[in-house]
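Input: a single structure, listed below in structure tokens.
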Amino acid sequence: LILEKNGFGGQIAWSPRVDNFPGIPSISGAELSDRMFSQALDMGAEAELLEAVGLRRSEAGLVVITPEGEYTAKAVVLATGAQHRKLGVDREDELAGNGVCYCAVCDGAFYKDRPVAVAGGGDAALQDALLLSNGCSEVYIIHRRDEFRAEAANVSALMSRPNVKLCMSSRIVALEGGDELTGVVIESVTDGQRRTLNIDGLFVAVGYESGNAAFAELTSQDAAGWFVTNEDCAVGTPGVFAAGDCRAKTIRQLTTAVGDGAAAAVSACRYIDKL
1 LILEKNGFGG
11 QIAWSPRVDN
21 FPGIPSISGA
31 ELSDRMFSQA
41 LDMGAEAELL
51 EAVGLRRSEA
61 GLVVITPEGE
71 YTAKAVVLAT
81 GAQHRKLGVD
91 REDELAGNGV
101 CYCAVCDGAF
111 YKDRPVAVAG
121 GGDAALQDAL
131 LLSNGCSEVY
141 IIHRRDEFRA
151 EAANVSALMS
161 RPNVKLCMSS
171 RIVALEGGDE
181 LTGVVIESVT
191 DGQRRTLNID
201 GLFVAVGYES
211 GNAAFAELTS
221 QDAAGWFVTN
231 EDCAVGTPGV
241 FAAGDCRAKT
251 IRQLTTAVGD
261 GAAAAVSACR
271 YIDKL
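Numbers 1 to 275, taken from full-length UniProt numbering, label the letters of the sequence shown in order.
As structure tokens, this is what we get:
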């Protein structure tokens, strides 16, 4: 049984293009995740759109708690992924959905022919900027460092877009506007000078953070809340495993998540066989 909070496919479903999955030269994240999900169903998996909000032990085994009821299982694989990290500036939550966005694939079309900005300097931020540059009038990239932390191909592609403007060594210190975002104030990290960018949309892509607090009682976690596992993806309590970006790890990519999934699934089966 697969329990999914938002939509089947995970973060990769929102990626406009995937070029680094072995055996598939280029594919949209939505199509790739749909293929994976369909294959899982064909192999006999069942799926429910429900959020797992807790996990406990009982005499019958492991109990997964959801708002709609409880599910008992012999083994559980936690694949909670990672949550979008926020900027942490005033009014960010207030303007979320009113100019402040966290998904360019989801919301980019609303800003066609309008100026926007992307906060971040990694591959996710650059991919967002590339996507937005296809329809937005101007795309500002706001990054606190003086160089990007992204694949060379993404950087090269970004530099070829005439409507992309770089704001390097800068950070966002304020959001402007009433009910809707009308601009951002950015500050140079080198000399402290500030200026305002008049934009209609801000796409935040500054990394991810864990969302594993609901499972803390039965799992091992590091100080940041990521699951700490062994090479079999066991996460502390017998029968509980973790896979993907929710683990404490140095590389979070689609291929590493798939590897984790295989390890966790095999480990779960072996655990059940020994019961």
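We treat Cβ as the ideally placed atom computed from N, Cα and C, and that holds for glycine.
{"Check": "Within 8 Å, strictly: CB atoms of residue 286 and S210", "Outcome": "A question about residue 286 goes unanswered here, because the residues of the chain that appear run from 1 up to 275."}
{"Check": "Nearest-angstrom Cβ-Cβ length linking V139 and N163, presumed shorter than 8 Å", "Outcome": "6 Å"}
{"Check": "Within 8 Å, strictly: CB atoms of G23 and A13", "Outcome": "no"}
{"Check": "Touching by the beta-carbon criterion (3+ pairs, under 8 Å), the region 206 to 224 and the region 149 to 161", "Outcome": "no"}
{"Check": "Nearest neighbour of G10, chosen from C103, L275, T190, Q193 [CA to CA]", "Outcome": "C103"}
{"Check": "Cα-Cα separation, A109 to G135", "Outcome": "7 Å"}
{"Check": "R149, DSSP secondary structure in three states", "Outcome": "strand"}
{"Check": "Three or more C-beta pairs below 8 Å linking the region 261 to 275 and the region 68 to 78", "Outcome": "yes"}
{"Check": "Spatially closest choice to K5 from L254, T66, R17, D200, by CA coordinates", "Outcome": "T66"}
{"Check": "Beta-ladder partner(s) of P115, from DSSP", "Outcome": "E138"}
{"Check": "Cβ contact (3+ pairs, closer than 8 Å) linking the region 179 to 197 and the region 42 to 59", "Outcome": "no"}
{"Check": "C106 (DSSP reduced to helix, strand or coil)", "Outcome": "helix"}
{"Check": "Endpoints, alpha helix (DSSP H) assigned at G29", "Outcome": "29 to 42"}
{"Check": "Own chain partners of residue 322 with C-beta closer than 6 Å, once the 5 adjacent residues on each side are dropped", "Outcome": "Any question about residue 322 goes unanswered here, given that the chain covers just 1 to 275."}
{"Check": "Straight-line gap, L197 to L175 (C-alpha atoms, nearest Å)", "Outcome": "10 Å"}
{"Check": "Opening and closing residue of the beta strand (DSSP E) in which S133 lies", "Outcome": "Premise fails: S133 lies in the alpha helix (DSSP H), 123 to 133, not in any beta strand (DSSP E)."}
{"Check": "Same chain, Cβ closer than 7 Å to S158, five either side skipped, listed in chain order", "Outcome": "A small correction: the amino acid at residue 158 is Leu; Ser does not occupy that position in the sequence shown. L126, A129, L130, V164."}
{"Check": "With 16 other Cβ atoms within 10 Å as the buried cut-off, status of D123", "Outcome": "buried"}
{"Check": "Where the beta strand (DSSP E) through E4 begins and ends", "Outcome": "2 to 4"}
{"Check": "Residue interval of the alpha helix (DSSP H) (run including L275)", "Outcome": "Premise fails: L275 is in no alpha helix (DSSP H) and is neither H nor E."}
{"Check": "Neighbour-count burial assignment, G7, 16 or more Cβ in a 10 Å radius", "Outcome": "exposed"}
{"Check": "For A223, the nearest candidate out of T237, R149, V105, R247 (CA to CA)", "Outcome": "R247"}
{"Check": "Contacts around G239, its chain only, beta-carbon distance under 6 Å, and the 5 residues preceding and following it disregarded", "Outcome": "L62, A75, Y271"}
{"Check": "Sub-8 Å separation of A150 and V204 beta-carbons", "Outcome": "no"}
{"Check": "With 16 other Cβ atoms within 10 Å as the buried cut-off, status of G88", "Outcome": "exposed"}
{"Check": "Strand pairing of L49, partner residues [DSSP]", "Outcome": "E4"}
{"Check": "Nearest candidate by alpha-carbon position, reference V143, set N20, L95, V173, S137", "Outcome": "The question names Val, but residue 143 is His in the sequence shown. If we check each option's Cα against that of H143, V173 comes out closest."}
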